[in-house]
Amino acid sequence: MNHSNSILDHLIKMSVTNTKYEKQVGSSFNIELEVRPRTKTAVLLSVGILEYLTLQFINGTVKFTVDNGAGSETVTHVPNMFNALCDGHWHHIKLYKTKNLMTLTVDGRSNLNIMKKGKKTDTNTKDPLYLGGVPKGTRSRGLETTEGFLGCVRVLNMGKKPRKRKNIDLSQVSLFGDIAKNSCPVN
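Next up, the structure:
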């Protein structure tokens, strides 16, 4: 039995796109996630085609990139150890983009970047927001990998309101890839 493409192996490739929900990043955007990754390189979040916002794992580093039309700007989190994010524990990630300030916080450690390329503060996107990867054939700028996220996501909060515990109605989103709903095995 080939377990690499089976949900039985409990390695969850999570790729969710809500094609009914076009996300305008604008001048202010924030998102909070809790993830338990099983891979060091993957797309975690992507929105936008010409102007964009991305969150990726690249060789164990967390990379948050924004392009407002004048070129990409990046802030990174480099863990103390190479395998620090693939340790079987949940990791808390927060992204903030407020005008020309980008902040990436991973497990309470913050890194920031003041965007210097251009004076424009809006990131003009009106595109689907992809979580965990992008569908094959999708045009996505700013991605250094097309690898889908392998692991679990238990929190996704966008906006300025305090986080509330609620279930996401997955019938309202388009799903692709190997996804196990309602479980996150340890191995």
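With the UniProt record's numbering applied, the sequence shown closes on residue 187, and no number is skipped along the way.
Heads up, the beta-carbon is just placed ideally off N, CA and C, and yes, glycines get one too.
For clarity, every value in this text was computed on a predicted model and none was experimentally measured.
Just to confirm my understanding: we take residue i, look at its own chain, exclude 5 residues before and 5 after, and list those with CB closer than 6 Å. What are they?
{"i": "T138", "result": "none"}
{"i": "N94", "result": "A small fix is needed here, since residue 94 is Lys in this sequence, not Asn. So the list reads E32, T105, once near-sequence residues are dropped."}
{"i": "G159", "result": "none"}
{"i": "T39", "result": "L150"}
Just checking my contact of residue i with residue j at CB under 8 Å: how many whole Å lie between their CB atoms?
{"i": "F64", "j": "L50", "result": "So it is not a contact: roughly 19 Å between Cβ atoms."}
{"i": "Y52", "j": "R154", "result": "No, Y52 and R154 are not in contact; Cβ-Cβ is about 26 Å, not under 8 Å."}
{"i": "G148", "j": "G133", "result": "3 Å"}
{"i": "Y96", "j": "N157", "result": "Not quite, the Cβ-Cβ distance comes to about 12 Å (not below 8 Å), so this is no contact."}
{"i": "E32", "j": "W90", "result": "With 8 Å as the limit, E32 and W90 do not qualify as a contact, their Cβ atoms being about 13 Å apart."}
{"i": "V25", "j": "T125", "result": "5 Å"}
{"i": "residue 195", "j": "G118", "result": "Residue 195 is absent from the structure shown; the chain starts at 1 and stops at 187."}
Is it buried or exposed for residue i, if we count other Cβ within 10 angstroms and need 16 for buried?
{"i": "Y21", "result": "Residue placement at Y21 cannot be trusted, given a pLDDT of 44 that sits under 50; what the coordinates show is reported in the next sentence. Flag for Y21 reads exposed."}
{"i": "S110", "result": "exposed"}
{"i": "N80", "result": "exposed"}
{"i": "T98", "result": "exposed"}
{"i": "G88", "result": "exposed"}
{"i": "L112", "result": "exposed"}
{"i": "S27", "result": "exposed"}
Would residue i pass as a contact of residue j if the rule is Cβ separation under 8 Å?
{"i": "G71", "j": "T123", "result": "no"}
{"i": "V106", "j": "H77", "result": "yes"}
{"i": "K136", "j": "G69", "result": "no"}
{"i": "V66", "j": "E73", "result": "yes"}
{"i": "P37", "j": "L85", "result": "yes"}
Just to confirm my understanding: we take residue i, look at its own chain, exclude 5 residues before and 5 after, and list those with CB closer than 7 Å. What are they?
{"i": "I114", "result": "N100, L101"}
{"i": "H92", "result": "E34, D107"}
{"i": "T41", "result": "F57, I58, N59, T145, E147"}
Please work out which residues of its chain come closer than 8 Å, Cβ to Cβ, to residue i, disregarding the five sequence neighbours upstream and downstream, and give them in chain order.
{"i": "S144", "result": "The sequence given here has Glu at residue 144, not Ser. Around E144: Q56, I58, K63."}
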